[in-house]
Amino acid sequence: MKYCAMIALFLNFACNANVRFGGKNSSIIAGEKGYLKVDSPTLCVKNGNLNKVERGYLQGNTITFEDAYFTAGLSESFVNGVFHPGENVEVVAGGSPQIGTMHLSQRGEAYDTSDFFMTNPGGVLYKIAVDYGDSFMRGQPLFFGHNDITLKDYTSRFSIGIQNTLNSNIILNGGTLYLQNDLSLGDDATFIGDGQIVFNNRRISLGGTASRWTGNLLWNNALDLQINSRIELEGVWSFYRDAQINGNSNVLDLAQGGQILVYPDTELRLSGVKIKGLGTGKIIMAPTARICLSDVEIEMNDHVDIYAGSWYIDGATSVITKDKLLTFRSSTPDDSNLVLDDYGYVEWTKGLDTHGSLSIDRVALTYDPLEFVDQYNIRPLRINDPNHKYINIINGGSIRKFRMESISFLDYSSDTALQRYAVVFPVRPVKIFPEVINGVLNYDVNVKGNSNYYRFTEAHQPLMFITDDVHAVYQDMLFSQFSAEYLELGNNASLIFGNNTTVELFRSEDLTYTWTFQGTAHIRGGGAILNLAEHGNIVVAGEGSSLTIQNMTIKGLSRDKIRCLEASSRIIFKDVTLILENDFDWHTGACDVLGDVTISGGYAFAYTSPAQSMIYADSTLLLKHETTFLYNPYGNIPLGALVQDYRELIHLADRSATFAFDSATLSAPAPGMQLINGRLVFTRYNSLFNEGGTNAQTGIVFGNGISENNVLIDMANPYSLSVASGVKIEQLG
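Here this note's numbering is used: the first residue of the sequence shown is 23, the next is one more, and so on.
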């Protein structure tokens with residue numbers, strides 16, 4: 023093998039040169055400071071392994087892989103493709119340049135050979151270009167650039183079946199993407215340009231960071247499209263064959279020119295979506311198309327006329343109409359309809375006799391004109407539609423206007439159950455008073471929401487008042503469009519967001535007092551920034567309580583401004599950025615990571631709790647910008663407990679769980695720490711400290727002697743990790 027490496031480094035291969043190998047273990051190695059230069063038109067590598075080690079170089083003409091392995095850095099890939107050294111490279115994380123582009127296409131005399139790219143877990147130091155025909159990608163690639171996958175044009179058909187989160191954009195250029203597995207996009211990853219996505223009964227989960235989508239996309243049989251953050255749509259999303267969008271209470275904003283097209287004989291289901299900026303022409307339906315709405319909120323910014331297709335409401339849905347009208351009507355000769363021609367292609371046709379319809383089945387469709395005069399904003403009125411051609415209300419369904427009134431528990435028992443939702447206005451606030459029982463004031467007020475909600479209207483003043491000495495607990499309740507500014511606590515008053523409560527933030531702002539959660543609760547940030555001011559705290563109280571904080575940025579973090587009060591409680595951070603203002607101490611309960619969580623700010627995040635925390639599968643905890651993760655729970659462990667039992671409190675769920683450092687520090691003073699499973703990623707320049715560590719029992723250990731539990735370590739370059747302060751690290755197994 024060593025002799026082969028020498029040949030690879032110094033020979034100039036002739037035109038059409040082929041290198042045949044006996045198997046994977048036969049290699050050409052571009053070693054450290056070694057150069058493999060291809061002077062012939064191409065070098066064809068069959069069956070074996072071309073290995074470019076760190077600071078090895080590939081130059082010259084193309085390298086064709088036929089059922090061969092390509093090893094570059096920590097990534098080993100099984101490839102059919104053509105590698106172009108030095109093509110379209112960019113400088114990526116850590117300051118290292120990419121090494122080229124791997125081209126995939128359909129080759130052979132009859133174009134019957136599909137290229138492929140299958141990679142083991144590890145960083146891919148080159149781009150993927152999808153040329154003509156069919157090709158596919160599988161494995162667990164970790165890309166370093168923003169736009170590392172590009173389809174050439176409409177002739178490109180790319181199948182993707184990876185097992186990890188995709189952290190690069192895909193530039194479609196009119197091509198088609200086929201799913202061979204569920205696809206999860208990283209927070210900064212989108213589909214760029216025009217193209218088609220064929221789901222094949224798979225799921226796509228979009229990233230957790232607010233994003234702009236400018237391309238025209240055809241979603242083909244999109245039965246499970248998950249939206250995990252605010253989407254600002256500027257292009258056209260077309261749906262062909264049945265589809266479902268699960269919005270997870272996130273916003274789909276059409277105000278900047280976005281459109282939704284529903285093809286003939288297609289049913290599009292929308293669940294848990296907040297559609298903003300709806301006007302005429304924003305949702306276009308073929309005459310035989312249907313939209314089903316459940317738990318949907320629509321905000322209109324113009325009149326909307328529906329003259330083709332049908333809307334079906336089978337879950338509580340609300341429309342913020344303001345002074346606009348939502349009208350279902352018949353078409354006019356000037357209206358264009360979306361139909362299929364004789365060849366199955368979509369075209370626009372005028373002059374068809376169509377009409378739009380609305381059916382409401384067993385639930386309420388609620389409209390809200392806000393401060394405008396009620397015009398019965400969903401039309402036509404029943405008197406103008408006696409035969410229910412346009413609006414059909416069945417099985418006890420209804421159309422109703424939001425009722426706006428004050429909520430006061432003065433005349434209720436101290437254990438109150440809400441019977442309906444409420445919209446909260448400055449002139450109709452929520453006020454909670456103590457109850458008089460036999461002449462004695464009872465200050466404990468428990469409110470059972472019964473899955474109802476308060477929806478707070480935009481204001482810059484308190485809308486919810488807890489009067490002096492009252493201690494209110496809400497359960498099973500949604501606080502929609504809530505702001506920290508909306509709550510005013512009287513002297514010695516308190517409010518607990520109890521079991522099954524959800525707080526949806528309305529805007530970015532400062533929190534100047536304490537929010538207390540108990541039971542199972544959620545904060546949905548919707549991309550907002552919450553700054554913990556001097557007296558701002560988020561506290562989880564009660565044994566076994568769990569708070570999920572998702573899709574937001576939290577600033578001003580220091581001391582223990584976010585904390586659990588009980589050892590059995592936990593906070594789950596999902597797609598959250600934490601920015602430290604000073605050193606922070608996590609001293610009680612568990613701190614779990616779901617999705618992508620980033621900690622920055624240049625201070626220390628000290629993990630001193632004796633509870634075990636989890637980085638879930640397909641999730642990443644990233645420390646960056648000179649921030650330190652300090653692992654030191656030993657001062658809080660129970661008296662008499664064995665120190666060795668507390669070295670593995672950071673648990674990585676499996677190989678897809680990632681603990682990442684970007685210009686950051688991992689510090690674990692003796693008795694140190696141990697990580698098993700998962701992946702460690704180091705980009706730019708990072709440090710590892712183990713003060714007082716002298717051996718495997720007091721040092722930082724990766725693995726536990728079982729190969730299935732080894733930790734995969736990715737480093738962007740040899741200088742990405744500096745080991746200091748007497749560290750002894752043993753990678754076992």
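For each residue, glycine too, the CB sits at the ideal point set by N, CA and C.
What distance in whole Å lies between the Cβ atoms of L616 and K646, which are believed to be in contact at a cut-off of 8 Å?
With a Cβ gap of about 19 Å, K646 and L616 do not count as contacting.
Identity of the residue in V113, Y200, L602 nearest I121 by Cα:
V113
Using CA atoms only, rank isn't needed, just tell me which of L743, D156, A151, V598 is closest to R129.
D156
According to DSSP, is S381 part of a helix, a strand, or is it coil?
strand
Quickly, what does DSSP pair Q266 with across the bridge? List them, please.
R291
Kindly identify the DSSP beta-bridge partner or partners of R756.
Because residue 756 is not part of the residues shown, which for the chain are 23 to 755, the question remains open.
According to DSSP, is K24 part of a helix, a strand, or is it coil?
In this prediction, K24 scores a pLDDT of 36, lower than 50, which makes its location untrustworthy; no coordinate-derived value is stated.
What did DSSP end up calling I405 once you bin it into helix, strand or coil?
helix
Comparing C-alpha positions only, which one of I518, T523, L517, A506 sits nearest to T534?
A506
Under the three-state DSSP convention, the category E256 falls into
coil
Counting Cβ pairs, one atom from each stretch, are 3 or more of them under 8 Å apart for the stretch 336-351 and the stretch 381-399?
yes
Contacting residues, own chain, Cβ-Cβ under 8 Å from E565 (five flanking each side not counted):
E588, S590, S591
Taking its Cβ as the centre, do 16 or more other Cβ atoms sit within 10 Å of V462, making it buried, or is it exposed?
exposed
Compare the beta carbon distance of L173 and G197 with 8 Å and say whether it is the shorter of the two.
yes
CB of T354 within 8 Å of CB of R401, strictly:
no
Any idea what DSSP makes of M737, helix, strand or coil?
strand
Please report the distance separating the alpha-carbon of N222 from that of A232.
27 Å
Buried versus exposed, by CB contacts within 10 Å (16 or more), P163:
buried
I think S181 touches Y200, with their Cβ atoms under 8 Å apart; what is that distance to the nearest whole Å?
4 Å
Cα separation between S709 and T649?
10 Å
Taking DSSP's pairing of strands, which residues face G217 in a bridge?
L239
Which word fits N604, buried or exposed, when buried means at least 16 other C-beta atoms lie within 10 angstroms of its C-beta?
exposed
Beta-carbon proximity list for C586, same chain, < 6 Å, skipping 5 on both sides:
V562, T610, G611
Where does I429 sit, in a helix, a strand or coil, going by DSSP?
Here I429 scores only 42 on pLDDT, less than 50, and its place in the model is too uncertain to base an answer on.
Helix, strand or coil, according to DSSP, for I413 in the structure here?
strand
Residues of its chain near G759, where Cβ-Cβ distance is below 7 Å and the 5 sequence neighbours each way are ignored
Any question about residue 759 goes unanswered here, given that the chain covers just 23 to 755.
Here's the rule I'm using: 16 or more other beta-carbon atoms within 10 Å means buried, otherwise exposed. How should N513 be labelled?
exposed
For E457, name the three-state secondary structure that DSSP assigns.
strand
Can you find the residues in the same chain that come closer than 7 Å, C-beta to C-beta, to A277, ignoring five residues on each side of it along the sequence?
K298, G299, N323
In this structure, how does DSSP classify S436 when only helix, strand and coil are distinguished?
Low per-residue confidence applies at S436: pLDDT is 46, beneath 50, and the placement is therefore not dependable, though the value from the model is reported in the following sentence. Correct three-state label for S436: coil.
Assigned secondary structure, A444 (DSSP; H/G/I helix, E/B strand, else coil):
strand
Is N142 helix, strand or coil by DSSP?
strand
Using DSSP with H/G/I as helix, E/B as strand and the rest coil, what is N731?
helix
With a Cβ-Cβ cutoff of 8 Å, do I698 and V733 count as a contact?
yes
Of the residues V111, T86, N71, H106, the one placed nearest T93, counting alpha carbons only
N71
May I ask you to report which of helix, strand or coil DSSP gives A506?
helix
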